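A.B. asks: Residue 130 in my numbering sits at position 135 of the sequence shown, and the numbers go up by one each step.
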Amino acid sequence: MGFFDKIKMGLKRTTEAVSEQFNDIMSNFVQIDAEMLEQLEEALILSDLGATVAAEATEKVEDCAKHQRVDTPLALRCVLKDVLSDMMQQDTALHLDTKPAVILVIGVNGVGKTTSIGKIASRYVSQGKKVMLSAADTFRAAAADQLEIWAKRAGADIVRHGEGADPAAVVYDSIAAAKARGSDVIIIDTAGRLHNKQNLMNELGKIDRIITRELPDADRETLLVLDATTGQNAVHQADAFNKAAKLTGIILTKLDGTAKGGIVVAISAGLGVPVKLVGVGEGLDDLMDFDRSEFLEALLPPVEEME
């Protein structure tokens, strides 16, 4: 099953909710006017784009209508898809061309961080790459144990220290081991809960300095894991982490469990951080590369359901 089919299944609840809103909009649709735009903005907000992004998208739809004919459900859908696509970050690929390359994974507890790391590791091992996992979440007792289970399942190496060890020291040793073993990718787990934002920034800062010093020319992805079911709270988390670390992308988990798939647009367009991977199930192959066009195709109701 490809990305489109899995996303379509995962977004079924969202599409049904949006379909109801769009059916109301389209029932007497003749042209784009103030009343219709107000209804469109409300529909976008209800699908969890957030007020700011929804307002901007609606304004862009109105601007498009001034330059092209938009008088059918199909035309409106095409314009809206193009508008949302243009608003979202374009670069959704993972850039990991050096050997080794580094993936730094951050996020609060309970969002699927360890599981996501395991699935990424499994993906690269299946491609014939040597993967090193770094158990730098030393604050949570079971974190390293869980990561080790995933390492064995995926066929990856792992470096871990005892509970309460210095996370930066774990990263240092992981890089050294990766160099010695010829690893292609180092995936670093980090603490999901620290006492305050300053602690978070300090810890990530130390890890950043170690990576920069030991692997100055390595490609690096800093990925924040977010739970799609938390809605706008995920946007707030992303904003806070983006200020503490230079995020290169988002891993959005549990997209199949939310009725508000528009959160993808809210994060990508609202925060300027691309969604790179999405979780649409529990299987190893259910953490998928994000495809902006296919996502929007699955998110927006088909025309036949709007007419």
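C-beta: ideal position from N, C-alpha, C; glycine also.
Note that the structure is a prediction, hence the values are computed from the model and not measured.
(1) Between the C-alpha atoms of ARG135 and THR87, what's the straight-line distance to the nearest angstrom?
(2) How far does the beta strand (DSSP E) with ARG215 in it reach, from first residue to last?
(3) On the DSSP bridge list, what partners appear for SER129?
(4) Taking buried to mean at least 16 other C-beta atoms within 10 Å of its own C-beta, is ALA139 buried or exposed?
(5) Alpha helix (DSSP H) containing LEU284: first to last residue?
(6) Going by Cα to Cα distance, which pick from GLN141, VAL180, LEU199 is closest to ALA164?
(7) Within the continuous beta strand (DSSP E) that includes ALA38, where are the two ends?
(8) Have a look at ALA171 and GLN122 and give me their C-alpha separation to the nearest angstrom.
(9) Measuring alpha carbon to alpha carbon, tell me which residue in GLU158, LEU291, ARG118 is nearest ARG148.
(10) When the Cβ atoms of the segment 78 to 85 are set against those of the segment 153 to 163, are three or more pairs found closer than 8 Å?
(11) Tell me which same chain residues have a C-beta within less than 8 Å of the C-beta of ILE231, skipping the five on either side of it?
(12) Measure the beta-carbon distance from LYS285 to LYS271 and round it to whole angstroms, keeping in mind my assumption that it falls under 8 Å.
(13) Alpha carbon to alpha carbon, how far is MET31 from ILE2? Give it in angstroms, no decimals.
(14) As a quick exercise: from ILE246, MET196, ILE40, pick the residue whose alpha carbon is nearest that of ALA52.
(15) Thinking C-alpha only, which one of GLY45, ASP0, GLN26 is nearest GLN227?
(16) Would you verify that the beta carbon of ALA137 is, or is not, closer than 7 Å to some beta carbon of chain C?
(17) Do the CB positions of LEU247 and LEU282 come within less than 7 Å of each other?
(18) May I ask you to report which of helix, strand or coil DSSP gives HIS190?
(19) Kindly list the residues whose CB is nearer than 7 Å to the CB of VAL106, restricted to its own chain and excluding five residues on each side of it in sequence; keep chain order.
(20) Give me the residue from THR133, LEU89, THR93 with the minimum Cα distance to ILE115.
(21) Determine the direct distance from the alpha carbon of LEU294 to that of LEU195, and round the result to whole angstroms.
C.D. replies: Quick look at the numbers:
(1) 31 Å
(2) 215 to 222
(3) VAL154, ILE183
(4) buried
(5) In the sequence on display, residue 284 carries Asp and not Leu. Counting along the chain, ASP284 falls outside any alpha helix (DSSP H), though it belongs to the beta strand (DSSP E) covering 282 to 284.
(6) Cα-wise, what sits closest to ALA164 is LEU199.
(7) Where ALA38 is concerned, there is no enclosing beta strand (DSSP E), although the alpha helix (DSSP H) it sits in stretches over 29 to 41.
(8) Whole-angstrom Cα-Cα distance: 23 Å.
(9) Ranked by Cα distance from ARG148, the first of GLU158, LEU291, ARG118 is ARG118.
(10) no
(11) Per the sequence shown, the amino acid found at residue 231 is His instead of Ile. If we look at HIS231 and ignore the five residues flanking it on each side, it has no Cβ neighbours.
(12) In the sequence on display, residue 285 carries Phe and not Lys. Rounded, the Cβ-Cβ distance is 6 Å, consistent with contact.
(13) 28 Å
(14) ILE40
(15) Closest option to GLN227, judged by alpha-carbon separation, among GLY45, ASP0, GLN26: GLY45.
(16) Judged by its chain identifiers, the structure shown contains no chain C, having just a single protein chain.
(17) Taking 7 Å as the cut-off, the beta carbon of LEU247 is found no closer than this to the beta carbon of LEU282.
(18) Because the pLDDT of HIS190 is 49, which lies under 50, any placement of that residue in the model is unreliable, and the question is left without a value.
(19) Cβ within range, chain order: VAL220, LEU221, ASP222, THR248.
(20) LEU89
(21) 34 Å
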